[in-house]
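Asker: Have a look at this one.
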Amino acid sequence: MLFYLIVFLNIVGNKIYVFSQAHRDFKYFYNNYHGNCYTFNSAAATGPNSTLKISRKSGPRYGLSILFYLAQDEYVGQLAQSAGLRVVVHDPKRMPFPEDEGILVAANSLTHIGVTMTQTKKLNGLYGNCSSEDDTDRSPTLYQKLFKVSYCQKGCLYTCLNDEILKNCGCFDIKFPLDEIVRTSFNTCSVANESLTTCANNVWKAYENESLLCSSKCTVPCRETIYKPIISRENWPSSNYLADIQNIPSLRKIAKYLSDYEGERDYGQFIVYIQDFSYTTIEESEAYQIMQFTSDVGGILGLYIGFSLLTVVEFFELAVDIIGIIGYQVYLNGRTTFKNWKRENRIKNCNRVIPDKEVKSTVNIMMDDEEVAERDMDPRAKPRTGAPYYKLSSPAKQELTSVHI
Numbered sequence: 006m007l008f009y010l011i012v013f014l015n016i017v018g019n020k021i022y023v024f025s026q027a028h029r030d031f032k033y034f035y036n037n038y039h040g041n042c043y044t045f046n047s048a049a050a051t052g053p054n055s056t057l058k059i060s061r062k063s064g065p066r067y068g069l070s071i072l073f074y075l076a077q078d079e080y081v082g083q084l085a086q087s088a089g090l091r092v093v094v095h096d097p098k099r100m101p102f103p104e105d106e107g108i109l110v111a112a113n114s115l116t117h118i119g120v121t122m123t124q125t126k127k128l129n130g131l132y133g134n135c136s137s138e139d140d141t142d143r144s145p146t147l148y149q150k151l152f153k154v155s156y157c158q159k160g161c162l163y164t165c166l167n168d169e170i171l172k173n174c175g176c177f178d179i180k181f182p183l184d185e186i187v188r189t190s191f192n193t194c195s196v197a198n199e200s201l202t203t204c205a206n207n208v209w210k211a212y213e214n215e216s217l218l219c220s221s222k223c224t225v226p227c228r229e230t231i232y233k234p235i236i237s238r239e240n241w242p243s244s245n246y247l248a249d250i251q252n253i254p255s256l257r258k259i260a261k262y263l264s265d266y267e268g269e270r271d272y273g274q275f276i277v278y279i280q281d282f283s284y285t286t287i288e289e290s291e292a293y294q295i296m297q298f299t300s301d302v303g304g305i306l307g308l309y310i311g312f313s314l315l316t317v318v319e320f321f322e323l324a325v326d327i328i329g330i331i332g333y334q335v336y337l338n339g340r341t342t343f344k345n346w347k348r349e350n351r352i353k354n355c356n357r358v359i360p361d362k363e364v365k366s367t368v369n370i371m372m373d374d375e376e377v378a379e380r381d382m383d384p385r386a387k388p389r390t391g392a393p394y395y396k397l398s399s400p401a402k403q404e405l406t407s408v409h410i
């Protein structure tokens with residue numbers, strides 16, 4: 006597409022550039038779909054001693070105003086079905102792709118393009134998959150090598166597609182920019198060679214069906230600045246405006262063309278400006294940070310360890326209780342055995358000292374004072390019947406002769 010530019014630049018002061026001066030601020034590149042393309046305020050276009058132009062105020066008066074001429078008489082019939090411009094507002098360090106993005110600007114109209122900015126910051130590594138500028142594992146894209154721009158996903162996808170065509174077909178597609186090595190080492194995938202054209206078309210179909218796995222290789226950038234346009238249009242030029250610009254020496258020739266019918270259908274103007282200096286930031290953050298995870302793990306471990314210590318103490322207490330019960334039971338059994346042994350000894354002593362006479366009644370003489378007291382206090386003891394108890398004050402020293410009742 007052939008067109009001419011006349012630029013009114015109000016970003017840094019009130020300056021009017023004609024095309025012969027403005028080309029120094031534009032970076033030229035050729036696009037297979039739209040032909041000649043120019044990028045204003047591109048980071049690749051600035052020299053070592055130049056800087057990017059900065060707008061310090063918002064509104065159309067402080068934007069970039071461009072008057073263009075389309076020259077439709079030089080259009081080729083079926084190759085140019087419409088007349089106008091494709092305008093892409095992008096980051097200065099990013100490669101534009103007008104075939105996939107941008108807005109259309111028509112002739113015979115004034116188009117206002119207000120721009121708002123959105124910054125995105127994504128997390129890499131454990132939290133996501135994105136590409137950063139300092140990623141050494143990823144090789145630079147074709148556009149990074151040729152145009153000195155930053156990484157973008159679209160450039161990576163097209164580089165992957167171009168590499169697949171070179172590898173599988175042995176030719177290069179003219180839709181992509183080429184370096185001298187590829188241009189001298191491979192032939193073009195010309196329509197004159199049906200086999201090469203068929204091979205390239207098959208690779209394109211595989212790319213569109215996502216069977217080349219280019220999407221898995223090319224991730225979104227971790228940091229990206231996106232400019233969203235707000236568009237408004239009006240008819241241009243008005244009759245009064247034609248009279249005014251005829252007084253400007255550098256624009257008299259343009260005013261003459263605008264007064265003709267041809268000028269109305271070939272000329273147009275658009276203004277790109279900052280809509281508002283406020284911007285939107287979309288930033289990913291860790292929903293569950295490592296410090297929080299460590300803190301939670303420590304709390305859970307402390308809880309479990311506390312439960313474990315309590316359990317150990319409780320088991321120890323249970324073991325002490327069991328040992329105490331068993332020991333007390335052994336003590337009671339030993340005491341009972343000792344009492345039985347004492348009782349048997351008393352019986353033996355009684356049998357030794359009592360003469361062989363007739364005993365008309367049995368006398369219970371086998372209990373001392375302590376045993377009688379325990380017997381009286383035991384609620385389980387049966388009522389006392391028969392012979393009465395006789396207490397022995399000192400069974401070890403007292404001798405029995407005979408007892409008769």
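Residue numbers (the numbering used here): 6 to 410.
Glycine residues also receive a C-beta, built at the ideal position from the N, C-alpha and C atoms.
Note that this is a predicted model, so its numbers are computed, not measured.
Who are the near neighbours of Leu166 in its chain, counting only those whose CB is closer than 6 Å to its CB and skipping five residues on each side?
Answerer: Tyr212
Asker: Does the distance from the C-beta atom of Glu119 to that of Ile235 stay below 7 Å?
Answerer: The question names Glu, but residue 119 is Gly in the sequence shown. Cβ distance < 7 Å, so Gly119 and Ile235 count as in contact.
Asker: Can you give me the start and stop residues for the alpha helix (DSSP H) that Glu288 sits inside?
Answerer: Note, Glu288: premise wrong, no alpha helix (DSSP H); beta strand (DSSP E) at 285-288.
Asker: Can you tell me which residues form a DSSP beta bridge with Leu115?
Answerer: Glu239, Gln274
Asker: Per DSSP, which residues does Glu229 bridge with? Please list them.
Answerer: Thr125
Asker: Using alpha carbons as the reference points, say which of Gly68, Asn350, Leu183 lies closest to Thr116.
Answerer: Gly68
Asker: So what's Ser300 in DSSP terms, helix, strand or just coil?
Answerer: helix
Asker: Please report how far the alpha carbon of Asp301 lies from the alpha carbon of Tyr132, in whole angstroms.
Answerer: Rounded to whole angstroms, Asp301 and Tyr132 show a C-alpha spacing of 19 Å.
Asker: Where does the unbroken beta strand (DSSP E) through Thr44 begin, and where does it stop?
Answerer: 40-45
Asker: Quick one: give me the first and last residue of the beta strand (DSSP E) that Leu217 is part of.
Answerer: Per DSSP, Leu217 belongs to no beta strand (DSSP E) and is neither H nor E.
Asker: Classify Ile108 as helix, strand or coil using the three-state DSSP reduction.
Answerer: strand
Asker: Take Thr419 as the anchor and find which of Tyr156, Met100, Ser137 has the nearest alpha-carbon.
Answerer: Beyond the ends of the chain as shown, which are 6 and 410, falls residue 419; an answer cannot be given.
Asker: So which of Cys227, Tyr74, Ala197, Val277 has the shortest CA-CA distance to Ser60?
Answerer: Val277
Asker: Would you check if there are 3 or more beta carbon pairs closer than 8 Å linking the stretch 278-292 to the stretch 78-96?
Answerer: no
Asker: With respect to the alpha helix (DSSP H) encompassing Leu162, which residues constitute its N-terminal and C-terminal limits?
Answerer: Looking at the DSSP string, the run of the alpha helix (DSSP H) that includes Leu162 is 158-174.
Asker: What number of angstroms, rounded off, separates the C-alpha of Asp271 from the C-alpha of Ala112?
Answerer: 6 Å
Asker: Have a look at Ile279 and Thr164 and give me their C-alpha separation to the nearest angstrom.
Answerer: Straight-line spacing of the CA atoms in Ile279 and Thr164 works out to 32 Å.
Asker: From what residue to what residue does the alpha helix (DSSP H) around Tyr148 run?
Answerer: Note, Tyr148: alpha helix (DSSP H), 147-152.
Asker: Exposed or buried, what is Gly329 when buried is set at 16 or more other beta-carbons lying within 10 Å of its beta-carbon?
Answerer: exposed
Asker: Less than 7 Å between C-beta atoms, sequence neighbours within five positions excluded: which residues of the same chain meet that for Val196?
Answerer: Thr202
Asker: With distance defined between alpha-carbon atoms, name the residue in Leu75, Ser216, Thr224, Trp241 nearest to Glu138.
Answerer: Thr224
Asker: Spatial neighbours of Val325 within its chain, please: C-beta separation below 6 Å, excluding the five flanking residues on both sides.
Answerer: none
Asker: Less than 8 Å between the CB atoms is what I'm expecting for Phe152 and Phe31, so what's the real figure, rounded?
Answerer: In fact, because the Cβ distance is near 14 Å, the residues do not count as touching under 8 Å.
Asker: Using a Cβ-Cβ cut-off of 7 Å (strictly less than) and excluding sequence neighbours within five positions of Leu75, which residues of its own chain qualify?
Answerer: Phe8, Ala88, Ala112, Asp271
Asker: Does DSSP classify Thr202 as helix, strand or coil?
Answerer: helix
Asker: Around the Cβ of Leu314, are there at least 16 other Cβ atoms within 10 angstroms (buried) or fewer (exposed)?
Answerer: Around the Cβ of Leu314, a 10 Å sphere holds fewer than 16 other Cβ atoms; the residue is exposed.
Asker: Who are Leu57's beta bridge partners in DSSP?
Answerer: In DSSP, Leu57 forms no bridge with anything.
Asker: Note down, in chain order, each residue of its chain lying with its Cβ closer than 7 Å to the Cβ of Val92, except the 5 sequence neighbours on either side.
Answerer: Gly107, Ile108, Val110, Ile118, Phe275
Asker: For Leu14, name the three-state secondary structure that DSSP assigns.
Answerer: Note on Leu14: pLDDT 37, under 50, position unreliable in the model; the coordinate value appears next. Strand at Leu14.
Asker: Could you tell me the boundaries of the alpha helix (DSSP H) in which Arg91 lies?
Answerer: For Arg91, there is no enclosing alpha helix (DSSP H); the residue is part of the beta strand (DSSP E) that begins and ends at 90-92.
Asker: Taking Asn129 and Cys219 to be in contact with their CB atoms under 8 Å, please state how far apart those CB atoms are, rounded to whole angstroms.
Answerer: No, Asn129 and Cys219 are not in contact; Cβ-Cβ is about 19 Å, not under 8 Å.
Asker: Under 6 Å Cβ to Cβ from Lys365, same chain only, skipping five residues before and after it: list those, please.
Answerer: Any reading at Lys365 must be qualified, since the residue scores a pLDDT of 43, below 50, and its modelled position is unreliable; the value itself is stated next. None.
Asker: Name, in chain order, the residues that DSSP records as bridge partners for Pro234.
Answerer: Val120
Asker: To the nearest whole angstrom, what separates the beta carbons of Thr125 and Glu291, a pair I think is in contact under 8 Å?
Answerer: About 17 Å separates the two Cβ atoms, so there is no contact after all.
Asker: Kindly give me the distance between the Cβ atoms of Tyr156 and Thr141, rounded to whole angstroms, as I take these residues to be in contact under 8 Å.
Answerer: Wrong, their Cβ atoms sit about 12 Å apart, outside the cutoff.
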